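> Below is one structure. I have some questions about it.
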Amino acid sequence: MFKKILIANRGEIALRVIRTCKEMGINTVAVYSTADKDSLHVRFADEAVCIGPHPSRDSYLNVANIMAAAEITNADAIHPGYGFLAENADFSQLCADSNIKFIGPSAKMIQSMGDKITAKETMIKAGVPVVPGSDGLVPSIKEAKKLAKKIGYPVMIKATAGGGGKGMRIVKEEAELESNYLSAQAEAGASFGNDGIYIEKFVEEPRHIEIQIAGDQYGNACHLSERDCSIQRRHQKLVEEAPSPFLTEELRKKMGEAAIKAAKAINYESVGTVEFLVDKHRDFYFMEMNTRIQVEHTVTEEVMDFDLIKEQIKIAAGEKITASEYFPKGHAIECRINAEDPMRDFAPCPGRIEYLHTPKGLGVRVDTHVFAGYTVPPFYDSMIAKVICRAQTRTEAIAKMKRALEEFLIEGIKTTIPFHLKLMDDKRFIEGNFNTGFINEFDWIEED
Ligand code: MV4
C-alpha cells in the first residue's frame, strides 16, 4: 500500500480523499494555490505545498509544480480528484514515467475514451449499444447531408474531441445542416484544437443514467448500479439519485452488463462511469465514459454503503476489486449546493460566509470544504457543498432532503438551496417523471 498520497485538487473532493487516506493509515500532501492558503484541505493534510497563484493553469493545472511537490515530499502516488488533471492522459503518462502512481487509469485508457469516435467504435466491437450514426468522422457537408438523410432527421452533430455539450448541434432539417456543421466544427477547433465531426440520430427527451464501474489490474470488472443524473442545467448536474425511478429490474441488469462489457473492452483499471442515454421506450445507448471519480460518487457510496475512494486507492495499489460483493439498499438523493443566485440565472455569488449551519441527523451527509468565516473565491467552480440524503424509499429520501435543506443555513452569499427546496416540492420530480429537458420547463421562480 502507498505510504504517502499527494492530492492534486482542492475543495470538497480534496477533503474527501484526505479522509479516506487517514482511515487507511496513508499520509497526505495537499497542494494549494495562494487563494486557497486558508482552506481545510491544507489544514487537514499532513503536509501542504503551495503550487502557484490563483489562476488554475498556474497552480492546479501546473504539472511541473505538482510533480516538484510530489518529489520534495516523497509522495508515492497522486490522486487527481475530478476536473483539473483527472482526465489528462499526458499527466497520467508523466506520473507513470516518474515512478509515481497515478490513482486512475493509464494514459491509453484515458485517450481511448477521450476521443468520442474511438470510444464509440470500441463499444460497437464490445457489443454495447450505441446511437445509430456515422461510421467515424464526417469530413464534408456533402457527406453529412447524405448521411443525415439516411439516418433521418432530427440528427445531432457532435465533436469527436467533445463532451459536456461543446461543439454539439441539433439539426431538424436539411436546410439547417450546413450552418450547424460549420459552427460546430469551428467551436470544436477553437475549444479542443481538433475539429473532427460525427453525426448521430437525435435521441428525443432522453434520461441521463450512468453506471458506476470498477476494474482492477487483473482484468476483473464489476458495476455498482446506476445513478440518474437527468436533472441538469446547461450540462451541469444539479441533482443525482440512485436507484433511477425510471429503470426496471430487467433494464438495470442489461445496462449493468453493458457497462461491464465497456470496462472490460479497454481492460479498465480504477473506478469509472459509463454514461447512457435512455429514451422513452427504455432503449439505452452508450454516450461517454468518465475515467475519473465523479462529484456524484457519494450517491452510490450511500446506497451501497461502500467507500469508492478506498476502492480506487486499493485498485491503484494492485489489489483485486471487492466492490462486486456489494448491493444497493434504499434510496439516496444528492443536491449540489452552489454559490450562485438562482433568481439571477444562476450567476456566480462568491464572497464571505458570515454564518453557517449544516444539516445533520439520521441519513444526512454533507460533503463540504466551507465553514463560517470562509470566503468563497471567485476563481473556481461554484459548488460549495453536496447534501446527500439516504432513506428506505424515494418518498422518504425526498422528505428527508426537504428537511435537510430547510436546516441548511448560510448567510453572506446566495446559494442554490431555494431552487432545490422548490424542486423537492415539484409534482413531476416527486412522480419521477422527468428527462434531461426538465429544468428548461421547470418554472420555479415564485410569482407574488
Ligand atoms: C445526445 C443527445 C441526444 N441524442 N446525443 C449532451 C452532452 C454530451 N455528453 C452528449 N449529450 C447529448 N447527446 C444524441 N444522439 C442529448 C444530449 C444531451 C444531454 C445528455 C445528457 C444529459 C443532459 C443533456 C442535455 C442536453 C443534451
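Under this note's numbering, residues 8 to 455 are what the sequence shown spells out, in order.
A virtual CB, placed ideally from N, CA and C, is assigned to each residue, including glycine.
All values reported here derive from a predicted model rather than from experimental measurement.
1) Between which residues of its own chain and Cys342 is the CB-CB distance below 6 Å, once the five residues before and five after are set aside?
2) What do you reckon, is the C-beta of His364 under 7 Å from a heavy atom of the ligand MV4?
3) For Ala228, which of helix, strand or coil comes out of DSSP?
4) Check the DSSP bridge columns for Met163 and list the partner residues they point to.
5) Using 8 Å as the cut-off, can you tell me whether the region 210–223 makes contact with the region 439–448, which would need three or more C-beta pairs spanning the two stretches below that distance?
6) In the DSSP output, what is His364 paired with across the bridge?
7) Just tell me which of Thr305, Phe334, Arg299, Phe313 has its CA closest to the CA of Ala323.
8) Quick one: what's Gly222 bridged to in DSSP?
9) Could you tell me which of Ala193, Ala52, Thr400 sits nearest to Lys456, measuring between CA atoms?
10) The ligand MV4 and Gln239: does any heavy atom of the ligand fall closer than 7 Å to the residue's C-beta?
11) Are there 16 or more other CB atoms within 10 angstroms of the CB of Ala339, so buried, or fewer, so exposed?
12) Answer yes if the region 194–205 comes into contact with the region 413–433, meaning at least three C-beta pairs across the two stretches below 8 Å, and no otherwise.
13) If you drop the 5 nearest sequence neighbours on each side, which residues of the same chain put their C-beta closer than 8 Å to that of Trp451?
14) Leaving out the 5 sequence neighbours to the left and right, which residues in its chain are closer than 8 Å to Glu347 when beta-carbon positions are compared?
15) Per DSSP, Ser2 is paired with what?
16) DSSP puts Asp235 in a beta bridge; with which residues?
17) Tell me the residue span of the alpha helix (DSSP H) that contains His376.
18) Roughly how many angstroms separate the alpha carbons of Leu22 and Lys29, rounded to a whole number?
19) Leaving out the 5 sequence neighbours to the left and right, which residues in its chain are closer than 8 Å to Val49 when beta-carbon positions are compared?
20) Just tell me which of Gly370, Ala103, Val278, Val285 has its CA closest to the CA of Asp312.
21) Say the cut is 7 Å; is the CB of Pro213 nearer than that to a heavy atom of the ligand MV4?
22) Below 8 Å on the Cβ atoms is my guess for Leu315 versus Val281; work out the distance and round it to an integer in Å.
23) Would Phe293 pass as a contact of Val285 if the rule is Cβ separation under 8 Å?
24) Just list the alpha helix (DSSP H) runs in the region 248–329, keeping only unbroken ones of 4 residues or longer that don't cross its boundaries, in chain order.
25) With a threshold of 7 Å, establish whether the CB of Glu443 neighbours any heavy atom of the ligand MV4.
26) Report yes if the C-beta of Gly368 is less than 7 Å from at least one heavy atom of the ligand MV4; otherwise report no.
27) In whole angstroms, what is the alpha-carbon distance linking Arg176 and Val373?
28) Keeping to the same chain, check which residues put their C-beta closer than 8 Å to that of Ala114; ignore five residues upstream and five downstream.
29) When DSSP labels each residue in this structure, what does Gly170 get in the three-state scheme?
30) Go to Leu101, then tell me how far its alpha helix (DSSP H) extends in each direction, as first and last residue.
31) Evaluate the contact criterion for the region 145–152 versus the region 120–132: three or more CB pairs, one atom per stretch, below 8 Å.
32) Between which two residues does the beta strand (DSSP E) harbouring Met390 extend?
33) Run through DSSP, which three-state label would Gly196 get?
34) Within the present structure, is the beta-carbon of His288 separated from the nearest heavy atom of the ligand MV4 by less than 7 Å?
35) Check whether the Cβ of Glu295 sits closer than 7 Å to any heavy atom of the ligand MV4, and report yes or no.
36) Which same chain residues, not among the five before or five after Glu318, have their C-beta less than 8 Å away from its C-beta?
Taking the geometry as given:
1) The residue you call residue 342 lines up with position 335 of the sequence shown. Closer than 6 Å at Cβ, skipping near neighbours: Val246, Val394, His427.
2) Start at 1 with the first residue of the sequence shown, and residue 364 comes out as number 357. Incorrect: His364 has no Cβ contact closer than 7 Å to the ligand MV4.
3) Stepping through the sequence shown from its first residue, residue 228 is reached at position 221. Strand at Ala228.
4) Here residue 163 refers to the residue found at position 156 when the sequence shown is read from its first residue. DSSP output for Met163 lists Ile177, Glu207 as bridge partner(s).
5) yes
6) Taking the first residue of the sequence shown as 1, we reach residue 364 at position 357. Paired residue(s): Leu416.
7) If you number the sequence shown from 1, residue 323 lands on position 316. Ranking Thr305, Phe334, Arg299, Phe313 by Cα distance to Ala323 puts Arg299 first.
8) Position 215 of the sequence shown, counted from the start, is the residue given in the question as residue 222. Looking at the DSSP assignment, Gly222 forms a beta bridge with Ala228, Ser277.
9) Here the chain comprises residues numbered 8 to 455, so residue 456 is not present and cannot be evaluated.
10) Sequence index remark: in the sequence shown, residue 239 carries index 232 (1-based). Yes; taking the cut-off as 7 Å, the Cβ of Gln239 has a heavy atom of the ligand MV4 nearer than that.
11) Residue numbering aside, residue 339 sits at position 332 when the sequence shown is read from its first letter. So Ala339 ends up on the buried side.
12) no
13) Counting from one through the sequence shown, the residue named residue 451 turns up at place 444. Correct list, in chain order: Pro349, Phe426, Lys429, Leu430, Asp433.
14) Indexing the sequence shown from 1 puts residue 347 at position 340. Excluding sequence neighbours, Glu347 sits near Phe353, Ala354, Pro355, Cys356, Ser389, Lys421, Thr422, Thr423.
15) Nothing can be reported for residue 2: it is not among the residues displayed for the chain, which extend from 8 to 455.
16) Numbered from its first residue, the sequence shown carries residue 235 at position 228. Ile216, Glu248.
17) Stepping through the sequence shown from its first residue, residue 376 is reached at position 369. Per DSSP, His376 belongs to no alpha helix (DSSP H) and is neither H nor E.
18) Here the question's residue 22 lines up with position 15 in the sequence shown. Here the question's residue 29 lines up with position 22 in the sequence shown. Each residue's alpha carbon lies about 11 Å from the other.
19) Here the question's residue 49 lines up with position 42 in the sequence shown. Counting only Cβ-Cβ distances below 8 Å, and skipping sequence neighbours, we find Ala37, Tyr39, Asp43, Ala55.
20) The residue you call residue 312 lines up with position 305 of the sequence shown. Here the closest residue by C-alpha is Gly370.
21) In the sequence shown, the residue the question calls residue 213 occupies position 206. Indeed, a heavy atom of the ligand MV4 lies less than 7 Å from the Cβ.
22) Taking the first residue of the sequence shown as position 1, residue 315 is located at position 308. Taking the first residue of the sequence shown as position 1, residue 281 is located at position 274. 15 Å between Cβ atoms; not a contact.
23) Your numbering for residue 293 matches position 286 in the sequence shown. Your numbering for residue 285 matches position 278 in the sequence shown. No.
24) 256–272, 304–311, 315–323
25) Walking along the sequence shown from the start, residue 443 turns up at place 436. Per the sequence presented here, residue 443 reads as Thr, with Glu not at that position. Yes, the ligand MV4 has a heavy atom inside 7 Å of this Cβ.
26) Along the sequence shown, read from residue 1 onward, the residue named residue 368 stands at position 361. Not so, every heavy atom of the ligand MV4 lies at least 7 Å from the Cβ.
27) The sequence position of residue 176 within the sequence shown is 169, counting from 1. The sequence position of residue 373 within the sequence shown is 366, counting from 1. So the alpha carbons of these two residues sit roughly 37 Å apart.
28) Here residue 114 refers to the residue found at position 107 of the sequence shown. The residues are Ala96, Asp97, Ser99, Gln100, Ala103.
29) Counting from one through the sequence shown, the residue named residue 170 turns up at place 163. Three-state result, Gly170: strand.
30) Mapped onto the sequence shown, residue 101 falls at position 94. Unbroken alpha helix (DSSP H) run through Leu101: 96–104.
31) no
32) Stepping through the sequence shown from its first residue, residue 390 is reached at position 383. Run containing Met390: 390–398, per the beta strand (DSSP E) assignment.
33) Position 189 of the sequence shown, counted from the start, is the residue given in the question as residue 196. If DSSP states are grouped into helix, strand and coil, Gly196 belongs with the helices.
34) In the sequence shown, counting from the first residue as 1, residue 288 sits at position 281. His288: no, Cβ never under 7 Å from the ligand MV4.
35) Taking the first residue of the sequence shown as 1, we reach residue 295 at position 288. Indeed, a heavy atom of the ligand MV4 lies less than 7 Å from the Cβ.
36) One-based indexing of the sequence shown puts residue 318 at position 311. Hits under 8 Å: Ala221, Val278, Ile328, Thr329, Ala330.
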